[in-house]
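Chains A and B supply the protein sequences, listed in that same order.
Okay, so the first sequence: first residue is 859 according to the working numbering, each after it adds one.
Okay, so the second sequence: first residue is 56 according to the working numbering, each after it adds one.
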Amino acid sequence: VTREQRVHETDPALIREAVSGDLRAVEQIVRAHQQEVWRFLRRLLGDDGTAEDVAQETFLRMYRRLPTFAFQAKFSTWVFQIARNAAVDELRARERRARAIRSVPPAPAATGGEGPTRVELDAALASLPVDLREALLLIEVLGLRYAEAATVLTVPAGTVKSRVFAARVRLAAWARAGEADGPDAEGDVPTVQGPEP
Amino acid sequence: VRCDDALVAVSVRADSEDLDDAAALDAHLASCAECRRFERAILDLRSQLRVEAVDRAPDLAPAVTARLARGDGPAPPRSGGGRRVAVAAAVAAVAGMVAGATFVGVGGRPRSPAAADIPEQVLAAQHDITSLDSRLTITEAVPGDRGGTRTFDAHLTYRAPESMVLAVQETTTGRSGAERAAGELVVDGDRWWQETARQCSPAAGRVQCPDEPLTWSRSVTGREPFSDSAPVPLELVSPVDSFMLAAAPPGAGERTIAGRRAVGVTVTAAQVAPVLDGLQAAVELGPVHPADPVELWLDAQHLVPVAFDVRAADDPARARWAAAVGGVDRPGAVVLRVEADEIRINGPEPAGSDAFALPAGPAAATTDAGFHPTPDGDRALSVVPVPGTVPGGLRAYRSGTVTTPGGPAVGVRSWNDGRAWLTVRATAEWAGGRLFGDLGPDVRPIDLGGGGTGYAAGDGRRIGLHTDAVDVVVAGSVPLDELRTVAAGLGLRGRPVPAGWAEAATAGLDDAAVVVPGLLTARGAEGFAVDPAVRVDGDTVTEVRAGPGDRTLALTQRTAPALPPPSSGDETGVEVRGVAGRYSAERGELEWVEGGIAVSLRSPTIGLGELVAIADDLEPA
């Protein structure tokens, strides 16, 4: 199971085979990127089922747009950009359906043996505005550099920096609230809001 | 350096991005406790975001290529959640590849009278279990050149309804103390504590795992009654999920185990995946193939699992799977053996001891899952309707409210009788989009009489109700008929879900037969839900039938003169229902054309032989 844990840069020849309609090549590309894409979407969208649906949609869109891939950006960054856009579409559709602007309800998490830790964290993530959440997840879950995340989000790197910071301030406050009576409570977390260009 | 700037710099440095003046930041941190706390909070958060089970991600490749092959048709059924760790992980590693010819569990073998009604007996016996104390020996084959076995001692202590200690210690000879794995799970009502060996998932680029991620302990308070999201392996006490929808299994005889009479049955690993997963709450075991035959021995009186053997199925496809996941591949070899050395059921509790005390000392992660007991007058609890009747023997247990940041306030009531349980959860704040209560993608409407319309999860374990004022889910370890009685007696009138919700594509077989004239159904498949979840997406009809444990079946049909082009390239020709069809082991999918309909019968956990047998029994809807 370890072979596919890391995203390797995709071989240009494989991409060309996929463009020519070779589904085995598509399959290889999907396998190389699906774990990262799913983990990012799972955290961004808050539940397994939606993450799986949007991840499928991501790779279908990827296939359709493969002919336009210019070999200029990293392939993985390009795929993350498609995933992020597909997730934003899903969140907008969800908002339309709900006809109310409220945060994503956390899935009660019948799946996964992860336990309430995951449920709680999902809920905290869900309470973040989407622009802060997606920036944080690109950095923390996918391990992108600010410059790479900036490409995915089509914002300046400085904006990534400030959004990641703002997300951390809010999550740190949330974590402190949860353990206010803990033995190592020393005081309040910083309440500074990051500059938002 | 000003404090505001320092906080930003701390965040930037945590991401290994370049800092203008790292020395100045260090100097500031030395005198700024607030900044140091922020740095620690960032690292704590990072470990929570990065350390998770790596195998939870589904394999999307088969679904994506299948949709491309058929011109981006509707989404096939999801691969299912990651709850079934032992088996599901094995499947994901090779894209739903299943063993071909081996099949057990349906037909083909004489059934002993004692084994025939095991499923019913398991469901009934759960009401009579109040405590359990057993010592088990676990023997696991080590695959590959080194061969040999690993052994573990396990001690399971249980007190109804949801207090449990599972402690596992490796005893493999030739391994030093430090090399031996150990793990422990302690659950007591609303609190649980776990220490296990954990995997870390390294992400792309420079993300690193902790240096020594050997064990991971965490402590959780505020656990909901009978929460699915906490590892309480009740299946080790009474394998209800493994037998809920099961057909009568072939018998394996009777024998004496740990001084008690035991009845044996032969099933598949997919069916008893919940039992296998139960052990994983305390120890990480190697992968098991879903089609591997399992000889399971249950206490004759209380139906508690007392022993089981998992053997490698004899099939070429399984050998390929084993090579991919590093599993045992010699056909017939014992992959995993568990046997009780001592067992005491419903014995007296030792006086003066508290077997379920949570260990003292710090855990790596302590969280509050958000459940708090509340008195009856509480506002959030008062939205939970009280059923007019509950199944016989069940008595009121914990009740309260669950609050999570950003989530709806949920009220919960629960009941239990021995290990058997029932919950009613409700919220007045559901945002919609899909049914409240995590019923999964495959649901079917059920008639609740005066209670209006409800929706049953495909596996029959939950019923959801949507009303204008409140959204409710009834769940439990009791059969669907009993859940239905409870749901019908809530004093509510359930409504069909709004058109925009995920469940709106749910249809009856009659409606579906209009979309695809000549529609077939797997009504006769033994050991699967009698009533399927049916969905109509455009011109395509999908019928999903849940089985026990991880066994599930999806039948997809669409009016078409021919099959779409093969998508995975591993397809082989198979005769099915008297016509030439094809089978992909990788996708676990059997396809053929019949009467102008392109038919696909698919399961990630069922082998080719059994799929063909099920296909032969399809009948007009």
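For each residue, glycine too, the CB sits at the ideal point set by N, CA and C.
Nearest-angstrom Cα separation, counted from residue j out to residue i
{"i": "Gly466(B)", "j": "Val552(B)", "result": "21 Å"}
{"i": "Arg468(B)", "j": "Arg882(A)", "result": "51 Å"}
{"i": "Ala475(B)", "j": "Leu449(B)", "result": "8 Å"}
{"i": "Leu490(B)", "j": "Val498(B)", "result": "10 Å"}
{"i": "Trp248(B)", "j": "Pro500(B)", "result": "38 Å"}
{"i": "Gly504(B)", "j": "Gly203(B)", "result": "59 Å"}
{"i": "Glu1006(A)", "j": "Pro675(B)", "result": "55 Å"}
{"i": "Ser189(B)", "j": "Asp396(B)", "result": "8 Å"}
{"i": "Ala222(B)", "j": "Pro286(B)", "result": "13 Å"}
{"i": "Val438(B)", "j": "Thr540(B)", "result": "19 Å"}
{"i": "Ser878(A)", "j": "Val946(A)", "result": "29 Å"}
{"i": "Glu910(A)", "j": "Gly238(B)", "result": "31 Å"}
{"i": "Leu240(B)", "j": "Pro329(B)", "result": "16 Å"}
{"i": "Gly229(B)", "j": "Ser186(B)", "result": "36 Å"}
{"i": "Pro345(B)", "j": "Val177(B)", "result": "22 Å"}
{"i": "Gln181(B)", "j": "Ala542(B)", "result": "21 Å"}
{"i": "Ile97(B)", "j": "Pro414(B)", "result": "27 Å"}
{"i": "Arg548(B)", "j": "Thr478(B)", "result": "19 Å"}
N-terminal and C-terminal residue of the beta strand (DSSP E) that residue i is part of
{"i": "Val390(B)", "result": "389 to 400"}
{"i": "Arg190(B)", "result": "186 to 196"}
{"i": "His521(B)", "result": "517 to 521"}
{"i": "Gly319(B)", "result": "315 to 323"}
{"i": "Leu62(B)", "result": "Element bounds for Leu62(B): not the beta strand (DSSP E) but the alpha helix (DSSP H), 58 to 69."}
Test: residue i CB closer than 8 Å to a CB of chain B
{"i": "Arg889(A)", "result": "yes"}
{"i": "Ile997(A)", "result": "yes"}
{"i": "Ala876(A)", "result": "no"}
{"i": "Leu949(A)", "result": "no"}
{"i": "Glu1065(A)", "result": "Outside the displayed range of chain A (859 to 1055) lies residue 1065(A), so it cannot be described from this structure."}
{"i": "Ala945(A)", "result": "no"}
{"i": "Phe933(A)", "result": "no"}
{"i": "Tyr921(A)", "result": "yes"}
Cβ of residue i within 8 Å of any chain A Cβ
{"i": "Ile97(B)", "result": "yes"}
{"i": "Glu72(B)", "result": "yes"}
{"i": "Gly509(B)", "result": "no"}
{"i": "Arg499(B)", "result": "no"}
{"i": "Asp114(B)", "result": "yes"}
{"i": "Arg399(B)", "result": "no"}
{"i": "Phe281(B)", "result": "no"}
{"i": "Arg101(B)", "result": "yes"}
For residue i, the nearest candidate out of the options (CA to CA)
{"i": "Pro987(A)", "options": "Ala941(A), Arg950(A), Trp936(A), Arg874(A)", "result": "Arg950(A)"}
{"i": "Arg315(B)", "options": "Glu339(B), Leu358(B), Ser293(B), Glu350(B)", "result": "Leu358(B)"}
{"i": "Gly1016(A)", "options": "Phe927(A), Ala993(A), Gly879(A), Thr935(A)", "result": "Ala993(A)"}
{"i": "Val389(B)", "options": "Pro216(B), Ala196(B), Leu564(B)", "result": "Ala196(B)"}
{"i": "Ala79(B)", "options": "Asn401(B), Pro342(B), Asp60(B), Ala324(B)", "result": "Asp60(B)"}
{"i": "Trp352(B)", "options": "Pro294(B), Arg235(B), Cys87(B)", "result": "Pro294(B)"}
{"i": "Thr1009(A)", "options": "Asp880(A), Ala1025(A), Gln892(A), Arg942(A)", "result": "Arg942(A)"}
{"i": "Arg310(B)", "options": "Val361(B), Val457(B), Asp296(B)", "result": "Val361(B)"}
{"i": "Cys90(B)", "options": "Leu104(B), Asp586(B), Arg101(B), Arg68(B)", "result": "Arg68(B)"}
{"i": "Val999(A)", "options": "Gln886(A), Leu899(A), Leu872(A)", "result": "Leu899(A)"}
{"i": "Gly593(B)", "options": "Gly277(B), Glu94(B), Ala562(B)", "result": "Ala562(B)"}
Sheet register partners of residue i (DSSP bridge)
{"i": "Leu33(B)", "result": "Outside the modelled stretch of chain B, which goes from 56 to 676, sits residue 33(B), for which no answer is possible."}
{"i": "His357(B)", "result": "The partner list for His357(B) (beta bridge, DSSP) is empty, contrary to what the question assumes."}
{"i": "Asp423(B)", "result": "Thr276(B)"}
{"i": "Ser469(B)", "result": "Thr478(B)"}
{"i": "Pro675(B)", "result": "Leu575(B)"}
{"i": "Phe363(B)", "result": "Leu351(B), Val393(B)"}
{"i": "Val1027(A)", "result": "In the DSSP output, where bridge partners are listed per residue, Val1027(A) has none listed."}
{"i": "Ala700(B)", "result": "Any property of residue 700(B) remains undetermined from this structure, which presents chain B solely from 56 to 676."}
{"i": "Gln709(B)", "result": "No information on residue 709(B) is available, as it lies outside the stretch 56 to 676 that chain B covers here."}
{"i": "Ala876(A)", "result": "Note: Ala876(A) sits in no beta bridge, so no partner."}
Contact test: residue i Cβ vs the ligand ZN heavy atom, cutoff 7 Å
{"i": "Ser469(B)", "result": "With respect to small molecules bound, the structure shown includes none, and the ligand ZN cannot be examined in it."}
Alpha helix (DSSP H) segment containing residue i, residue limits
{"i": "Ser297(B)", "result": "295 to 298"}
{"i": "Pro174(B)", "result": "173 to 180"}
{"i": "Arg548(B)", "result": "It is not in any alpha helix (DSSP H) - Arg548(B) carries neither H nor E in the DSSP assignment."}
{"i": "Ala909(A)", "result": "906 to 923"}
{"i": "Asp332(B)", "result": "328 to 335"}
{"i": "Leu1058(A)", "result": "Residue 1058(A) lies beyond the residue range present for chain A, which begins at 859 and ends at 1055; the question has no answer from this structure."}
{"i": "Thr429(B)", "result": "Unbroken run through Thr429(B): none, as it is neither H nor E."}
{"i": "Asp81(B)", "result": "77 to 85"}
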